[in-house]
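The sequence shown stops at residue 392 when you use our numbering, and every number in between is there.
Working notes, beginning with the structure itself.
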Amino acid sequence: MTADIRTTSPAARGRSLAGGDRRGEHPRRRGRFGVHIFLMAVSLAFLAPLLLAVYASLRPYEETAQHGYFSLPEHLSLDYYREALSDSGMGEYFKNTLIIAVPAVLITLFLASFVAFAVSRIKVRGGIVLLMFFTAGNLLPPQVLVTPLYVLFLKIPLPWWMSDSLTMYDSYWAVIIVNIGFQLGFCVFVLANFMRTLPQEILEAAIVDGAGLWTQFWRITLPLCRPALAALGTLEFTWIYNDFLWALIFISNPDKLPITSSLNNLRGQFFTDYNLLAAGSVLVALPTILVFLLLQRHFIAGLTLGSSKG
């Protein structure tokens, strides 16, 4: 056997090895192909409701009522989108949503980055307990705090330029503060774990150069956390944008409700055109899709960073 190997020419051995590699590649290719098929099937399963809503929004209700939602179209138009924009007052509701979502997301990320920096980089005393405290806050059901917060907000006074009701209740501040409180724990947990992956030598070099805590946080650590902040910002904006519970409880003035409430204006008292409702739902979903597309590169980088370490 040894003689056979020694007498085999280098070219023959190369062809043999290449043939062995090609034979070994076939199972990998089949496995990769199966993974792609599975991912495509899962993606289609998640996109199916959205695609069906878009398809229904382009067809007249009479057509779908007669032939069904899965039938071939006879007439397609954008009439329902124009009707949804004009009848629901979506522009005003969208402004209310931005007033709530943008400050809530920015304040949440700013406060969470402070706590995560203190827990993961400074090594403050009791940091692990503090991190566990913030993480445990995510396990508290929001419905448990509805009644206490409702009573509390009725008793907290605010100046006239902050609230028309002169209390925290029926103001944007109530919804903003509640969203910050419930989203802060998750952001602290994610950012603290992300900051632990950053090289400690960077901060040690900054300390040697005379950098204070604020410089270490604002000019060194925070720029390195841009992928994680972008990923969290995308998720937080989506969650707060789609929230309906807190605004429904803490805001009584219908002119202050967020955009998720505008869909109720498309429902009739005795009849609901579900194709029109589908068009309104697609319009409501567009801003979150746009935010994801704009931050897609940073979002994916934030989710995958560190996956190849170790």
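Note that beta-carbon positions come from the ideal geometry of N, C-alpha and C, so glycine has one too.
Please read these numbers as outputs of a predicted model, since none were measured by experiment.
According to DSSP, residues forming a beta bridge with residue i
i      : result
PRO239 : THR249
Own chain, CB closer than 8 angstroms to residue i, minus 5 neighbours either side, in chain order
i      : result
GLU318 : ALA186, VAL187, THR190, LEU191, GLN265, CYS269
ASN357 : ALA138, SER139, ARG141, PRO142, TYR143, THR146, TYR162
GLY315 : VAL187, LEU191, LEU377
MET172 : ALA166, ILE341, SER344, GLY362, LEU365, VAL366
ARG114 : none
Neighbourhood of residue i by C-beta, 7 angstroms cutoff - its chain only, sequence neighbours within 5 removed
i      : result
LEU234 : none
LEU348 : ALA166, ASP169, SER170, LEU358, LEU359, GLY362
GLY102 : Legend: pLDDT at GLY102 = 48, less than 50; position of this residue unreliable, no value from coordinates given.
LEU248 : PRO239, LEU240, TRP242
TYR175 : LEU339, PRO340, ILE341, SER343, SER344
LEU304 : SER195
ALA183 : PHE319, ILE322, TYR323
LEU285 : ARG203, GLN298, ILE302
THR277 : According to the sequence as given, residue 277 is Met; it is not Thr. Cβ neighbours of MET277 beyond the five flanking positions: ALA198, PHE199, SER202, ARG203, THR303, CYS307.
ASN335 : ASP252
ILE333 : ASP252, VAL257, LEU339
LEU236 : THR249, TYR251
Residue i beta carbon near the ligand COA (any heavy atom closer than 7 angstroms)
i      : result
PHE120 : Within the structure as shown, the ligand COA is missing, as the structure has no ligands at all.
Which listed residue (the options) has its alpha carbon closest to that of residue i
i      : options                        : result
HIS157 : PHE381, THR146, GLU165, LEU132 : THR146
ALA313 : VAL364, PHE381, GLU286         : PHE381
LEU140 : ARG164, PHE128, LEU129, GLN148 : ARG164
LEU377 : ILE262, ASN275, PRO309         : PRO309
ALA130 : ALA288, PHE152, THR229         : PHE152
GLY294 : ILE204, HIS149, LEU126         : ILE204
SER47  : GLY150, HIS149, VAL136, LYS177 : Because the chain spans 83 through 392 in this model, residue 47 falls outside it and cannot be assessed.
LEU330 : ALA256, HIS149, ILE210         : ALA256
GLU283 : GLN298, ILE333, LEU221         : GLN298
ALA288 : ARG278, TRP300, THR279         : TRP300
LEU134 : LEU222, LEU154, GLN148         : LEU154
ILE181 : ILE259, ALA218, LEU222         : ILE259
ALA274 : ASP337, TRP296, VAL373, ILE210 : ILE210
ALA218 : LYS177, GLY267, THR279, LEU193 : GLY267
Own chain partners of residue i with C-beta closer than 6 angstroms, once the 5 adjacent residues on each side are dropped
i      : result
SER253 : SER245
THR342 : PHE326
VAL206 : ALA200
For residue i, three-class secondary structure by DSSP
i      : result
ARG141 : coil
TYR44  : The first residue shown for the chain is 83 and the last is 392, placing residue 44 beyond what the model contains.
GLY116 : helix
GLU286 : helix
ASP355 : coil
SER153 : coil
SER343 : helix
ASN335 : coil
ASN275 : helix
CYS269 : helix
PRO281 : coil
LEU376 : helix
MET122 : helix
GLY410 : Here the chain comprises residues numbered 83 to 392, so residue 410 is not present and cannot be evaluated.
ASP325 : coil
LEU160 : coil
ARG349 : coil
Q | Ranges of the alpha helix (DSSP H) found wholly within the segment 189-222, counting only runs of at least 4 | A | 209-218
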